[in-house]
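Protein chains in written order, with our numbering: chain Z, 1 to 115; chain C, 1001 to 1114.
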């Protein structure tokens, strides 16, 4: 089955700096890669996603890049703010039979933005 | 739109007790999921459903049961609670499957088994 590795597990940056979180996946057939943000005491919330036919996607201060050959994708947050502090999860969607796809999550990255 | 609603938010169970975590969504989504989240371990899929009357096992189904009698509701039942089931449980839903469709999560249910 699919295996998603996420690094680093913790990341501390100064406000205004950039943050980068990296994930690798094992199933070359995976075709959809979402990123979720989980604030303390809340459920995960989708912040950005990318499909396998696209190399990069941006949404204001966040961007995701995908390298299908190397099977890795990354989340980039620029001009970080204290409200960006949260746990971030990457995920990869792989085919699991019939008409079903399975979403496999990384173990998460705790991002702390220091004022 | 309330989205995905889970109850209870917190619960303490004794070993061997049973309980049901309730989940409801008001987005008319076909797919519903139950995940558990353990510290440093990400999210693991317990069970999922592709529509009313259809359920299937995820990665970690042992010790749990589900049912999907309506599109809106997807309760998770723990029959004989064990300490290993201490975790945070998230219910989620999506319109179609997880390939390219946003999964919406509930706020979570914190369960402690003592």
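Heads up, the beta-carbon is just placed ideally off N, CA and C, and yes, glycines get one too. Because the structure is a prediction, the values reported are computed rather than measured.
Asked, Found
"8 Å Cβ cutoff met for residue 27 of chain Z and residue 94 of chain Z", "yes"
"Segment contact flag, the stretch 1017-1028 of chain C with the stretch 1040-1060 of chain C, C-beta cutoff 8 Å, min 3 pairs", "no"
"Same chain, Cβ closer than 6 Å to residue 1002 of chain C, five either side skipped, listed in chain order", "1026"
"Cβ-Cβ distance between residue 1004 of chain C and residue 1034 of chain C below 8 Å", "no"
"Alpha-carbon to alpha-carbon, residue 1108 of chain C and residue 1006 of chain C", "7 Å"
"Residue 45 of chain Z at chain C interface by Cβ criterion, 8 Å", "yes"
"Within chain C, partners of residue 42 of chain Z - CB distance below 9 Å", "1105, 1107 and 1108"
"Beta carbon proximity, residue 1102 of chain C to chain Z, threshold 8 Å", "yes"
"Rounded separation between residue 34 of chain Z and residue 1032 of chain C - CA only", "17 Å"
"Assigned secondary structure, residue 115 of chain Z (DSSP; H/G/I helix, E/B strand, else coil)", "coil"
"Continuous alpha helix (DSSP H) assignments of at least 4 residues falling wholly in the stretch 11-80 of chain Z", "none"
"Cβ shell of residue 47 of chain Z (< 7 Å), same chain only, five flanking positions each side left out", "35, 36, 37 and 62"
"Rounded straight-line distance, which links the Cα of residue 51 of chain Z to that of residue 10 of chain Z", "26 Å"
"Inter-residue spacing [alpha-carbon to alpha-carbon] between residue 80 of chain Z and residue 1090 of chain C", "28 Å"
"Residues bridged to residue 1019 of chain C (per DSSP)", "C:1078"
"Within-8 Å CB hit, residue 107 of chain Z to chain C", "yes"
"Proximity below 8 Å, CB of residue 1124 of chain C to CB of residue 1083 of chain C", "Any property of residue 1124 of chain C remains undetermined from this structure, which presents chain C solely from 1001 to 1114."
"Minimum Cβ-Cβ distance from residue 1021 of chain C to chain Z less than 8 Å", "no"
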